[in-house]
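Just so you know, full-length UniProt numbering puts 16 at position 16 of the sequence shown, and the rest follows in order with no gaps. Working notes for the structure below.
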Amino acid sequence: MSSQPNITLHTYFRSSCSARVRMALYWKGLAFTPVYIHLLKDDQFSEPYVALNPSKAVPTITFSPNENDTQSEPVTFVLTQSMAILEYLEEKFPAPEYPSLFPTNLEDRARVRQLSHIVACDIQPLTNLKMLKQVKKFAQEAGKDPETAGPEWQKRNLAEGLRAFEAVVSKTAGKYSVGDIVTMADFCLVPTIDGAVRFGVDMSEFETIGRVWRALEEVEAVQKGGWRTQGDTPEEFRC
Ligand SMILES: N[C@@H](CCC(=O)N[C@@H](CS)C(=O)NCC(=O)O)C(=O)O
Numbered sequence: 001m002s003s004q005p006n007i008t009l010h011t012y013f014r015s016s017c018s019a020r021v022r023m024a025l026y027w028k029g030l031a032f033t034p035v036y037i038h039l040l041k042d043d044q045f046s047e048p049y050v051a052l053n054p055s056k057a058v059p060t061i062t063f064s065p066n067e068n069d070t071q072s073e074p075v076t077f078v079l080t081q082s083m084a085i086l087e088y089l090e091e092k093f094p095a096p097e098y099p100s101l102f103p104t105n106l107e108d109r110a111r112v113r114q115l116s117h118i119v120a121c122d123i124q125p126l127t128n129l130k131m132l133k134q135v136k137k138f139a140q141e142a143g144k145d146p147e148t149a150g151p152e153w154q155k156r157n158l159a160e161g162l163r164a165f166e167a168v169v170s171k172t173a174g175k176y177s178v179g180d181i182v183t184m185a186d187f188c189l190v191p192t193i194d195g196a197v198r199f200g201v202d203m204s205e206f207e208t209i210g211r212v213w214r215a216l217e218e219v220e221a222v223q224k225g226g227w228r229t230q231g232d233t234p235e236e237f238r239c
């Protein structure tokens, strides 16, 4: 692992998309340097950052060859989109040298992607910061209280998405979301649960998710990549 490229991750402590990638990096034992993008201070809209990530969002990951690496392209590789990053990490740093993000069985791998995409394609786009800002704006224009409408929107969409996840995971789970090994689906799930708890979703509805969640809380990569333990986590949220 000595020829590991230098990895930089543009991240925000409370970003679920960043958390997926942080957990995967820790899972694979890949060292990285965080660059903090404060989403509430609009760092994602700064000109240099948008040049890196035209979607004006985190995460963005960059890889540059380290001084011992004679095999890699001598250029920095910049990648955005958390799911593309996770798939790239799996292919660039494969098993058995690095812990995998996927099971070996083809159908199980497809299930991991199915569950991951419930989070990444169905839940997260409806509940991200830019959507929340628009929901609040529309609520205000309709004469409603934006501070009530915004959290209600988040809660409803997180609960609805987790219901779909629960329906699938109740058939695929062992100790973790798909069987007994930790996968990409678990790293997508945990930050979504954090969001659901934050917006008051009643988690007792989700029996399998709850069981998997308790098992995942013991996993070091989940602890290290979680929102409460980052360099940019404000003091009041640390534990
Ligand atoms: N599909 C993108 C979504 C990225 C995304 O929406 N990131 C959120 C944080 S989880 C963000 O940076 N939002 C900034 C904003 O809404 O202004 C990915 O998976 O990387």
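Idealized CB from N, CA, C, for every residue including glycine.
8 Å Cβ cutoff met for ILE209 and PHE237: no
- prompt: Quick check: the region 168-185 against the region 109-126, are there 3 or more CB pairs under 8 Å?
  reply: Yes, the region 168-185 is in contact with the region 109-126.
Start-to-end residues for the alpha helix (DSSP H) that takes in THR127: 124-127
Cβ pair ALA31, LEU89 closer than 8 Å: Not a contact, by the Cβ cut-off of 8 Å.
task: Return yes when the Cβ of ARG20 is within less than 8 Å of the Cβ of CYS188, no when it is not.
output: yes
Span of the alpha helix (DSSP H), counted from its first residue to its last, around ILE85: DSSP places ILE85 inside the alpha helix (DSSP H), whose first and last residues are 82-92.
Coarse secondary structure for LEU25, derived from DSSP in three states: helix
field: Run of the alpha helix (DSSP H) containing SER55, from where it starts to where it stops
entry: Note, SER55: premise wrong, no alpha helix (DSSP H); not H, not E.
- prompt: Tell me, which residues are paired with ASN6 by DSSP?
  reply: SER64
- request: Please classify THR183: does DSSP put it in a helix, a strand, or coil?
  value: coil
- prompt: Using a Cβ-Cβ cut-off of 6 Å (strictly less than) and excluding sequence neighbours within five positions of THR76, which residues of its own chain qualify?
  reply: THR62, SER64
task: Check whether the Cβ of PRO59 sits closer than 7 Å to any heavy atom of ligand 1, and report yes or no.
output: Because some heavy atom of ligand 1 lies under 7 Å away, the Cβ of PRO59 counts as near it: yes.
task: Could you tell me which residues DSSP puts in a beta bridge with THR33?
output: According to DSSP, residue pairing for THR33 in a beta bridge involves THR8.
- prompt: Per DSSP, what kind of secondary structure is SER201 in: helix, strand or coil?
  reply: A quick correction: the sequence has Val, not Ser, at residue 201. Residue state, collapsed to three classes: coil.
- request: Quick one: using the 10 Å Cβ neighbour count with 16 as the cut-off for buried, is CYS121 buried or exposed?
  value: exposed
- prompt: Helix, strand or coil for VAL78 per DSSP?
  reply: strand
message: Rounding to the nearest angstrom, what Cα-Cα distance links TYR98 and GLY29 in this structure?
response: Annotation: TYR98 to GLY29 spans about 7 Å, alpha carbon to alpha carbon.
- request: Please go through the UniProt domain "GST C-terminal" (105-235) and give each complete alpha helix (DSSP H) segment of 4 or more residues, from N-terminal end onward.
  value: 106-117, 124-127, 129-141, 146-172, 184-198, 207-216, 220-225
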